[in-house]
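Taken in sequence, the protein lines are chains D and U. Quick note on numbering: the first sequence equals residues 1 to 369 in the working numbering. Quick note on numbering: the second sequence equals residues 1001 to 1339 in the working numbering.
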Amino acid sequence: MIQPFTPEPIRYVAEDGTPVQPLPARFTPELLRELHGLMLQAREFDRKLITLLRQGRTTFYAQSSGMEATQVGLARSIRVGHDWVWPYYRDHTLGLAMGVPMFELISQCLGTNSDTCRGRQMPHHFAAQAQNFVSISSSIASQVPPAAGNAMAQKYLGVDEITVCTFGDGATSEGDWYAGLNMAGAAQAPALFVCENNQWAISTSIREQTASETIHIKAKAYGMPGYYVDGNDIVAVMEVMTAVAEGVRAGQGPALVECLTYRVGSHSNADADAEKHYRTREEVEEWLGRDPITRVEKLLEQLGHPVSAEERAEIIARTHREVDEQVLRAEATGQPDWRIIFEDVYADVPDHLRQQEAFLRAEQSGGPA
Amino acid sequence: MTATQDRQEQGAVGGTRTINLIQAVTEAIAEEMERDNRVVLFGEDVGARGGVFMATAGLQERFGKHRVFDTPLSEASIVGAAVGMAVRGLRPIAEIQFADYMGPGFDQIISQAAKIRYRSAGQFTAPMVIRTPSGGGVKGGHHHSQSPESYYTHTPGLKVVMPSTPYDAKGLLKAALRGEDPVIYFEPKRLYRAAKGEVPDHDYVVKLGEAAIRREGDDLSLIGYGGVMPDLEKAADALAAEGVSVEVIDLRSLVPWDRDRVLTSVQKTGRAVLVSEAPRISNFMGEVAYVIQEQAFDSLTAPVGQVAGFDTPYPYVQDKVYLPGPNRIVAACVQALNY
Ligand SMILES: Cc1ncc(C[n+]2csc(CCOP(=O)(O)OP(=O)(O)O)c2C)c(N)n1
């Protein structure tokens, strides 16, 4: 049984790769290598997307570098395509690890015709039906009450699914966050709330965000257990998250897991000079020393199954190749035309929208406006 | 009233400087903080970061963390706290990072800020300013591009302002801060750096509720506010090249709005085209159109034209097509002229 409300984050592997408690048997070198590969792929995906941004092929990007263990660990702790996920905008690594095709992610980022969301939202606000990965809303914490409702529906329908809802530390200040957790608690709905606590909400530090010492202890107020996990230790994330998810599935009611991690890059491209304005280089360096990817590499080394430099380079090269390929494939589909403005507003199109569409059709074809 | 007229009326002496709209906002805040120590400024990332658009850059250094500070990520708290501070005698400026994110603070705006004077018969009031970047044209998708002003013009007790020039941005913000009512102050984000203009070196205010006549004309009144104003000017240029004389009016403030200036203009020209980028249904310009037909029906030689956003969420791709733009404005004017 995993203990809730621990004063320190639960961890299995120290920064230098040494296990601090016995590794659960399922963490074979094969599994660890696989997780390492996923995390490295996500890291390189970030790197490539930033290049695309610099090339002006996309307009916005918010990296998840540094947070790979939290997102990959979560993805591997739930039943993908069975459970439901209400993510937030920094969750593309979660999406990748859940098997959302890279082509879909890239198409969305580029707003091409191949974007399953038809170019309506800004970059990396995905939605993926096959994975039950519900459309990302920019509006912070607005996904939390709907996630509670999704879980209430699951309880009502008597299915063995759970609902996962993710958010940053900043989101926990919004009224919607409190409202959603309280609702899920009162309803004893199968909801797993996951705080990806990367310690900054743009330039606002967690210390300015709340006087609460941690996020997970807030769970107490809503009648659910709160777990505190080292979010850069993929073993810890997966161990705790799997156990908690299965408890939620078994009808124990909702739970909150706080993964303590760090966003090593900027908030987004709109905030490229974080260190100049609000945080110190030393702080970033300190967290680089706790990097989730190097931690697994060091662990594998200690276990006698090191990832060789060639293997590492192979994963990086493969990811770069794949991104390049998918970008070209996506771009070749062109951009959605003006019709996307009017589609999907309503199920049955009302007259006034038909008229506006006709107006725009005439305008776009150079006819009488 | 034109900017020049404003200056003359205030008997200005001394020089002017050319700045952009966002600098005008920063200057207005700084000068009012200097003038009145009841003025405090807060919101998400306004402090060390200086705001995501840098509208508050340098203000925390200058006025200290007790007067310029970052808040938890909660618009309800930001707006609600501003109401409480205002009731207790401060002059808060609450920044909402994007107008799209006023949603979580909506109840505080409409239930508390807008109504406390009325329901307490003036025993308690909330003089405060909510500043927020709004409008499209910046590749932001719907959550960073909406124009929600009509939600607020629909709420009695709130004043609603949207400048389009640095001169107005500065003067209106100062007036808003010196007033006794809650003001929603929308900043058209696509003009932050694009709109440049002169401001006087001396202190001045632009009274809320007075429209500005940007250019005089006889054939048609073209009326707008905020981010679309440069497009109105371009449309007027295009029509001038065809020999049509257009009067261009910038409402500047929506509640209260300048009925007199609008009606006088329409009575002169006989035609009005109203432009805003917000979706059309329940668009504030519907109110302007109503008042024109009610008060100036006899002068009209054509139905009042309206150019608005479509009744759809604001898209990411095709955002330029969504926005009215000069061509669409010209087309509406031509329609009114040929009626
Ligand atoms: C309701 C709302 N207010 C403000 C914003 C602007 N905004 C975008 S991201 C962000 C910070 C979010 O921080 P956090 O929840 O900690 O997530 P992180 O970006 O750190 O992963 C803010 C304030 C928003 N998107 N929605």
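Glycine is no exception: its CB is placed at the ideal position from the N, C-alpha and C atoms.
Can you tell me whether DSSP reads V1334 of chain U as helix, strand or coil?
-> helix
Spatially closest choice to L49 of chain D from D:E325, D:V345, D:D344 and D:F342, by CA coordinates = D:E325
8 Å Cβ cutoff, V345 of chain D in contact with chain U | yes
Below-8 Å beta-carbon distance, E1044 of chain U vs any chain D residue = yes
Run through DSSP, which three-state label would A179 of chain D get?
-> helix
Does any CB atom of chain U fall closer than 8 Å to the CB of A369 of chain D?
-> Its pLDDT being 48, under 50, A369 of chain D is placed unreliably in this model, and the value from its coordinates should be taken loosely. Yes, A369 of chain D lies at the interface with chain U (some Cβ there is under 8 Å from its Cβ).
Could you work out which residues of chain D lie near K1139 of chain U, taking near to mean beta carbons separated by less than 7 Å?
-> T59
Using a Cβ cut-off of 8 Å (strictly closer), state whether H1202 of chain U contacts chain D.
-> no
DSSP state of T1002 of chain U mapped onto helix, strand, coil = Low confidence applies here, because T1002 of chain U scores a pLDDT of 49, under 50, leaving its location unreliable and the question unanswered by this model.
Thinking N1020 of chain U and R1261 of chain U are a contact (beta carbons under 8 Å), I'd like their distance in whole angstroms, please.
-> That pair is no contact at about 26 Å.
Taking P336 of chain D as the query, report the chain U residues whose CB atoms sit under 9 Å from its CB, ordered along the chain.
-> P1315, V1317 and Q1318
Among the residues of its own chain, which have a CB less than 6 Å from the CB of Y1151 of chain U, if the five just before and after it don't count?
-> none
Put G56 of chain D into one of helix, strand or coil per three-state DSSP.
-> coil
Q143 of chain D: buried (16+ other C-beta within 10 angstroms of its C-beta) or exposed?
-> buried
Name, please, each residue of chain C whose Cβ falls closer than 9 Å to the Cβ of H1143 of chain U.
-> Protein chains in the displayed structure are D and U, and chain C is not among them.
F5 of chain D burial status per 10 Å Cβ neighbour count (16 or more: buried) | exposed
Under 8 Å between C-beta atoms, does P1072 of chain U make it to chain D?
-> yes
For L35 of chain D, which of D:F60, D:G73, D:S65 and D:L23 has the nearest alpha-carbon?
-> D:G73
Could you check where the beta strand (DSSP E) with W84 of chain D kicks off and where it finishes?
-> W84 to W86
Got a sec: is the Cβ-Cβ distance from V1321 of chain U to anything in chain D below 8 Å?
-> True, the Cβ-Cβ gap to chain D drops below 8 Å.
Cβ pair count under 8 Å reaching 3, the segment 1132-1142 of chain U against the segment 1184-1198 of chain U | With the rule of 3 Cβ pairs closer than 8 Å, the segment 1132-1142 of chain U counts as touching the segment 1184-1198 of chain U.
Report yes or no: is there a C-beta of chain D within less than 8 Å of the C-beta of Y1118 of chain U?
-> no
Give a yes or no on whether 8 Å exceeds the smallest Cβ distance from D230 of chain D to chain U.
-> no
Please report the residue range of the alpha helix (DSSP H) in which Y1322 of chain U lies.
-> D1319 to Y1322
For E342 of chain D, which three-state DSSP category applies?
-> Note on residue identity: the sequence assigns Phe, not Glu, to residue 342 of chain D. When secondary structure is reduced to three states using DSSP, F342 of chain D falls in the coil class, being assigned neither helix nor strand.
Closest Cβ-Cβ distance between R1049 of chain U and chain D: below 8 Å?
-> yes
Partner residues on chain D for P1324 of chain U, Cβ-Cβ distance less than 9 Å = In chain order: nothing, as chain D lies at least about 11 Å away.
With 8 Å set as the bound, which would you pick, yes or no: does the beta-carbon of Y278 of chain D sit closer than that to a beta-carbon of chain U?
-> yes
Apart from the five residues on each side of it in sequence, which residues of its chain come closer than 7 Å, Cβ to Cβ, to D1201 of chain U?
-> Spatial neighbours of D1201 of chain U in its own chain (CB-CB distance under 7 Å, excluding positions within 5 residues in sequence) are listed in chain order as G1014, G1015, T1016 and R1017.
Cβ distance (whole Å) where Q71 of chain D is taken to contact S64 of chain D below 8 Å = 6 Å
What residues from the segment 163-196 of chain D come within 7 Å of chain U, judged by C-beta to C-beta, listed N to C?
-> G170, A171, S173, E174, G175 and D176
Confirm the yes/no value for this check: CB of L181 of chain D, any heavy atom of ligand 3, distance under 7 Å.
-> This structure lacks ligand 3; the ligands present are ligand 1.
Quick one: what's got a C-beta closer than 8 Å to K1320 of chain U's C-beta in the same chain, skipping five residues either side?
-> G1137
Check V1291 of chain U in the structure and name its three-state DSSP category.
-> helix
Take L1323 of chain U as the anchor and find which of U:Q1335, U:P1230 and U:E1294 has the nearest alpha-carbon.
-> Cα-wise, what sits closest to L1323 of chain U is U:P1230.
Any residues in the segment 204-225 of chain D with a beta carbon nearer than 7 Å to a beta carbon of chain U? Which ones, in chain order?
-> T204, E208, Q209 and T210
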